[in-house]
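Chemist: Protein chains in written order, with our numbering: chain D, 974 to 1312; chain C, 2 to 422. Think of the CB as a built atom: it goes at the ideal place given N, C-alpha and C, for glycine as much as any other residue. Please read all numbers here as calculations on a predicted model, not as lab measurements.
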Amino acid sequence: MPKTNGAGPNGSASNGTQVTFLEAIKQAMFEEMERDPAVILMGEDVGVYGGAFKTSEGLLERFGSERVIDTPISESAIIGAACGMSYCGLRPICEMQFIDFIVCAFNQITNFVAKGHYLWNAPAPMVIRGPSGGGVHGGPFHSANPEMYFVHTPGLKVIYPSTPYDAKGLLKAAVRDNNPVLFFEHKFLYRRIKGEVPAGDYTVPIGKAAVRREGKHVTIISYAAMMHASLEAAEALAKEGIEAEVIDLRTLLPLDEETILNSVKKTNKCLVVHEDTKTGGIAGEIAAILFEKAFHDLDGPLMRVTSLDTPVPYAPTLEEHFLPNAKKVFSAAKELARY
Amino acid sequence: MKKELTRQHYLDMFYYMRLNRAVEDMMVKLFRQNKIVGGLYSSLGQEAISVGTAYALEKKDWLAPMIRNIGALLVKGVPPRDIFMQHMAKYDSPTKGKDGTSHFGDLDDLHIVSPISMLGDLIPVMTGVAMAGRYLGQKIVAMTWIGDGGSSTGVFHEGLNFAAVQKAPFVLILENNLWAYSTPVRKQVPLENLADRAKAYGIDSYIVDGNDVVAVYSTAKEAVERARAGEGPILIEAKSFRRMGHAQHDPAEYVPKEMRAYWEARDPIALYEKFLAGEKLLDAKGKKEIEEKIDTLLAAEREFAENSPMPPPELAETGVYCTGDDCHKIRAKWERPIAEVTPPRSSVKAVWTVAGFGSGKGSGGVNAPIHFGDTQPAEHTVGNDAKSANGRKPAAKVAAKAAPKKTEKAASASTSRKARR
Chain D
974 MPKTNGAGPN GSASNGTQVT FLEAIKQAMF EEMERDPAVI LMGEDVGVYG
1024 GAFKTSEGLL ERFGSERVID TPISESAIIG AACGMSYCGL RPICEMQFID
1074 FIVCAFNQIT NFVAKGHYLW NAPAPMVIRG PSGGGVHGGP FHSANPEMYF
1124 VHTPGLKVIY PSTPYDAKGL LKAAVRDNNP VLFFEHKFLY RRIKGEVPAG
1174 DYTVPIGKAA VRREGKHVTI ISYAAMMHAS LEAAEALAKE GIEAEVIDLR
1224 TLLPLDEETI LNSVKKTNKC LVVHEDTKTG GIAGEIAAIL FEKAFHDLDG
1274 PLMRVTSLDT PVPYAPTLEE HFLPNAKKVF SAAKELARY
Chain C
2 MKKELTRQHY LDMFYYMRLN RAVEDMMVKL FRQNKIVGGL YSSLGQEAIS
52 VGTAYALEKK DWLAPMIRNI GALLVKGVPP RDIFMQHMAK YDSPTKGKDG
102 TSHFGDLDDL HIVSPISMLG DLIPVMTGVA MAGRYLGQKI VAMTWIGDGG
152 SSTGVFHEGL NFAAVQKAPF VLILENNLWA YSTPVRKQVP LENLADRAKA
202 YGIDSYIVDG NDVVAVYSTA KEAVERARAG EGPILIEAKS FRRMGHAQHD
252 PAEYVPKEMR AYWEARDPIA LYEKFLAGEK LLDAKGKKEI EEKIDTLLAA
302 EREFAENSPM PPPELAETGV YCTGDDCHKI RAKWERPIAE VTPPRSSVKA
352 VWTVAGFGSG KGSGGVNAPI HFGDTQPAEH TVGNDAKSAN GRKPAAKVAA
402 KAAPKKTEKA ASASTSRKAR R
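#1: Can you say whether Ser1047/D is buried or exposed, counting buried as having 16 or more other CB atoms within 10 angstroms of its CB?
#2: With burial defined as no fewer than 16 other Cβ atoms inside 10 Å of the residue's Cβ, what is the status of Phe1161/D: buried or exposed?
#3: Suppose only complete runs of 4+ residues qualify. What are the alpha helix (DSSP H) ranges in the stretch 275-358 of chain C, listed by chain order?
#4: Please compile the residues from chain C whose C-beta is within a distance smaller than 8 Å of the C-beta of Arg1035/D.
#5: Quick one: which residues of the stretch 16-49 of chain C get their C-beta closer than 7 Å to a C-beta of chain A? List them in chain order.
#6: Rounded to whole angstroms, what is the Cα-Cα separation between Val166/C and Val126/C?
#7: Please list, in chain order, the chain D residues whose beta carbon lies closer than 8 Å to that of Lys91/C.
#8: Could you please give me the residues that DSSP links to Met1015/D through a beta bridge?
#9: To the nearest angstrom, report how far apart Val383/C and Gly363/C are at their CA atoms.
#10: In chain order, what residues of the same chain lie with their CB nearer than 7 Å to the CB of Ala23/C, ignoring the 5 residues before and after it?
#11: Between Ile1075/D and chain C, is the shortest Cβ-Cβ distance under 9 Å, so that the two count as touching?
#12: Could you work out which residues of chain C lie near Ser1047/D, taking near to mean beta carbons separated by less than 7 Å?
#13: With 9 Å set as the bound, which would you pick, yes or no: does the beta-carbon of Arg1040/D sit closer than that to a beta-carbon of chain C?
#14: Secondary structure at Leu137/C, three-state DSSP: helix, strand or coil?
#15: Touch check for the stretch 1059-1071 of chain D and the stretch 133-152 of chain C: three-plus C-beta pairs under 8 Å?
#16: Taking Cβ positions, are Asn1118/D and Gly1107/D nearer each other than 9 Å?
#17: So is Ile204/C in contact with chain D if we call contact Cβ pairs under 9 Å?
#18: Please list the partners that Met127/C has in chain D, where partner means a Cβ-to-Cβ separation under 8 Å.
#19: How big is the Cα-Cα spacing for Ala1055/D and Ile124/C?
#20: If contacts are defined as beta-carbon pairs under 8 Å, then Phe163/C and Ala1050/D qualify, I think. What distance do you get, rounded to the angstrom?
#21: Considering only the alpha carbon of each residue, which of Phe1295/D, Cys1077/D, Thr1192/D lies closest to His1110/D?
#22: Specify the secondary structure class of Met1276/D as computed by DSSP and reduced to three states.
#23: Please report the straight-line C-alpha distance between Ala301/C and Ile1082/D, rounded to a whole angstrom.
#24: Beta carbons nearer than 8 Å to chain C: which residues of the stretch 988-1019 of chain D have them?
#25: So Pro195/C and Leu12/C are supposed to be a Cβ contact under 8 Å. How far apart are they, rounded?
#26: Compare the C-beta of Leu1225/D with all C-beta atoms of chain C and state if any pair is closer than 9 Å.
#27: At the level of alpha carbons, what is the spacing between Ala1183/D and Val1285/D?
#28: Does the Cβ-Cβ distance between Glu1293/D and His1159/D come in under 9 Å?
#29: State yes or no: is the C-beta of Gly1016/D within less than 9 Å of the C-beta of Met1069/D?
#30: By how many angstroms is the C-alpha of Gly1103/D removed from the C-alpha of Phe1079/D?
#31: Answer yes or no: does any C-beta atom of chain C fall closer than 9 Å to that of Thr1044/D?
#32: Just confirm the distance between the C-beta atoms of Arg1223/D and Leu1204/D, as a whole number of angstroms; I'd bet it's less than 8 Å.
#33: Which residue marks the beginning of the alpha helix (DSSP H) containing Cys1056/D, and which one marks its end?
#34: Against chain D, with Cβ distances strictly below 9 Å, would Asp122/C count as a contact?
#35: Interface residues of chain D around Trp353/C at Cβ under 7 Å?
#36: Identify, in the order they occur along the chain, each residue of the same chain with its Cβ nearer than 6 Å to the Cβ of Phe32/C, setting aside the five sequence neighbours on each side.
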């Protein structure tokens, strides 16, 4: 696993400490709850147990059971109640124990939470977060990447970070945002990557991608765990004389078109890498944007490296075959560079 | 309970029931003139429920109406013009034409949450409102309605169960009007009394004649005050009948004639008028005054609504997101000291206290035993056995039961924060 440097989007070094992805998320919640008593946390086993992944450990001890609420196994009730709370000026964070279960509350999110501001001017400042993604042999119901269901829903914001720095800064920004924000935490990254976070308070703007590596031959666009596979591939490509520019989307909705277009106008070639399945994934949307706005800049086909169009299989051999990896990214980028 | 009402209260409820019916009668006319853009739903014969329940709320309380609760909106203070304009998709309507019917709300002044068409979704949302009100120390009650059909949804269960677990100050009115579109209640629920469902959530319930506004009001008032006092959510089943079809397009020929005749003879407004006359609270002159007042009001409200333009097409592009403080300044209205919910006063021991069994901890800080792949496995020790998470304890520890008094006290101490009003 490549070490990520936790530097900010502008690459500046900070004098903070190295923390895991998970610790960064915990810090964000802790600090936001400390800063604003309107912030509360709700979810299954988030209190006494500290969350299935220990993301909320210690929060109950500090903030009490009125602010850290262990709920029944009722995702619709969690989301619905959080929506009601947000109407009263609170800023609830809802944890989905595994993000796979978010679809149990699909109706609440897409019809109630997402449409309120447009229809009747009711902002719902709330965050829905939880562990997502595969590569940990969690099987078909504990490995999902359901982000695109929600990217297709106007009224929501969708964040999917790849570094501890971004996870903390974006989660804080999500809590302070006046809109419902979905925050996906790739569980493969939880304890596998460390990065630097600064000592003081900071946020990372929602809706801004980051250029993780500059290059001139091909643009690789990715996010979350596949960000790291893409960077690994870029290292290997560099050894073959191909300089890949790697873009971390960080936010999927709203999508940072400007950063994408600027990069593709420079490299003229674009490869999108995501762990989500292929059909209906964000790569298709990026392809459409490029065809609409950068058609004459393209010197090759838009290429995709994604998971297969299947459920996430359980056996390690199957899952490994299902998922993209650095090798697959390397091959695709190399092929693309030939155009 | 009856005696608590003054003459003015009785007459108020009469006014609102008449207004409810007059507003809907006028909308039927507008519908037939093709001035209503979408569907039109009727609460004919159910006015006593909307008016009687909403009348039991205080100004600071919150409600969320369903499609047949225009009476509740009127009681809460919504002007009839807003209801007309909503149905006519006018620019000056509360949603500026972005949605119709009773799908609108007012968070700041009237404390109304807009419904959506998916039934039951309001139940957890209003549970959240009730919990937030309690958390902020506002001593409010949240109320919403659901039909016999809507009580079949999953979110009805999830919401009511969560409200019950949280002892939220929440009152749910289950309007049993016997029909869910064309499906009779017996095909929805195999129960004689839908209020029986409350038992499954460990909450209290009432059954009331939904065509008797005084009974509806008294019951709702008691429920609201009990919920406000911290007794937890309460379910009221109001039995009535949907006199019109599901909406204007539906002649409801599936309803047996005898059934319709039975309920038409029990019109809630006619029944109430008879009651008021018997109690010498309303005479012909008083009734005429009320009706003239309504006629004058609605003529003006209708004129305003008809004169409002359609929204400009470009409006469709706006308002998907709140753009920040310039758009909404979101601030919780605290009515209790913030120090109570911030450290150090908010700090608690993270333990489960199980009555008769003492305390159990979570995982004691080690990783949960559900990690996959190459993540560090959880370290199991006797002290943080995962079994405590599902409430079970090893048999050897049952001896702790020997000191029930102490543990009960501990239990109430640890739950008191949750139940604080």
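Modeler: Answer, in terms of the structure:
#1: buried
#2: buried
#3: Counting only runs of 4 or more, we get 285-308.
#4: Pro344, Ser347, Ser348
#5: Note that chain A does not occur in the displayed structure, where the protein chains are D and C.
#6: If you take the alpha carbons of Val166/C and Val126/C, they lie about 15 Å apart.
#7: Near Lys91/C there are no residues of chain D at all, since even the closest Cβ is about 15 Å away, more than 8 Å.
#8: Partner(s): Ile1042/D, Cys1067/D.
#9: Legend: pLDDT at Val383/C = 39, less than 50; position of this residue unreliable, value from coordinates given subsequently. Val383/C and Gly363/C have their C-alpha atoms roughly 12 Å apart.
#10: Ile295, Leu299
#11: no
#12: Glu159, Asn162, Phe163
#13: yes
#14: coil
#15: yes
#16: yes
#17: So no, Ile204/C is outside the interface.
#18: Contact note: Met127/C reaches chain D through Gly1057, using a C-beta cutoff of 8 Å and chain order.
#19: 12 Å
#20: With a Cβ gap of about 4 Å, Phe163/C and Ala1050/D count as contacting.
#21: Ranking Phe1295/D, Cys1077/D, Thr1192/D by Cα distance to His1110/D puts Phe1295/D first.
#22: Assigned with DSSP and collapsed to three states, Met1276/D falls in strand.
#23: Going by the C-alpha atoms only, they are around 39 Å apart.
#24: Taking a C-beta cut-off of 8 Å against chain C, the contacting residues of the stretch 988-1019 of chain D are Glu1007, Pro1010, Ala1011, Ile1013, Asp1018, listed in chain order.
#25: What sits at residue 195/C in the sequence shown is Leu, not Pro. Incorrect: roughly 32 Å between the Cβ atoms, too far for contact.
#26: no
#27: 28 Å
#28: Their beta carbons are not under 9 Å apart, which means Glu1293/D does not touch His1159/D by this criterion.
#29: Yes, Cβ-Cβ distance for Gly1016/D and Met1069/D is below 9 Å.
#30: Rounded to whole angstroms, Phe1079/D to Gly1103/D spans 15 Å at the Cα level.
#31: The Cβ of Thr1044/D sits closer than 9 Å to at least one Cβ of chain C.
#32: The Cβ separation is near 14 Å, so there is no contact.
#33: 1048-1060
#34: yes
#35: Val1021
#36: Leu41, Gln249
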